[in-house]
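Under the working numbering, the first residue of the sequence shown carries the number 886, and numbering increases by one thereafter. Ideal Cβ placement from N, Cα and C applies to all residues, glycine included.
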Amino acid sequence: METATSPITLHPFTPSDAERLLDGHVDPVDGWEGGYSFTDEPELLADYLRAARRDGDPAPYGPYLVRRLGADGEAGAAVGGVNLFGPPDDRGAVEFAFGLVPAARGAGLSQHVVDAALDVLREAGALIARAECEIANLPARRVLEQAGLGEVGRSDGMVAFEIRL
C-alpha cells in the first residue's frame, strides 16, 4: 500500500521488485533522480531477496521508495528510500532509516518522508518509532526533532531518537 503525503509518496519495494531487477527487467519507474538506482547495488537486492525468502515478505515493514509527486498527482522518479526494520521488538519499537539523493536534499522533502514513515508505523501497530543518525548530521537531527522524536542516547558518533506513536 502506498502512503502519500504531498509532495511525496512512499512506495513499498517488494520481493517481486527485487527479483525483477536482479533478472534484468528494469521498468522506467525504477529510475531515480540523480542517477542512483537499486540496480547499482545487486548485492543489496540479493540480500533483501534472501531475507524475504527465509522470513517472508516483510510488509508493511521493509524498504519503501520515496517518489516525488508531480502536479498531476502521479508518482515520478524515486528521490530516496525509507527502511522500516520491523516487526516491533518487545517494547513495540520499530527502527527506521531514511535518505534522499543529493539532488532532492534541501527542499523540505525529508520532513514529509519522516511523517509518512511514522504514519506507516502507526498504522502497522508499532508503539514506538526509533531512528539513529550521525551526531554531525544536523539536517537529519532537525527533521527527526521537528517530527516529534526526542533524543534518547548517544554512542560511537551516533544519536538515537524515539517517539511514542
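Asked, Found
"L1034, enclosing beta strand (DSSP E) - first and last residue", "Neither: L1034 is in no beta strand (DSSP E) and is coded neither H nor E."
"Rounded separation between R1007 and D902 - CA only", "25 Å"
"DSSP-derived helix/strand/coil call for E1047", "strand"
"DSSP state of L1012 mapped onto helix, strand, coil", "coil"
"Which of helix, strand or coil DSSP assigns to E959", "coil"
"Proximal residues to V1066 (C-beta, below 6 Å), its chain only, five neighbours per side dropped", "This structure gives no information on residue 1066, because the portion of the chain shown stretches from 886 to 1050."
"Whole-Å CB distance - V1044 paired with E1017, under 8 Å assumed", "7 Å"
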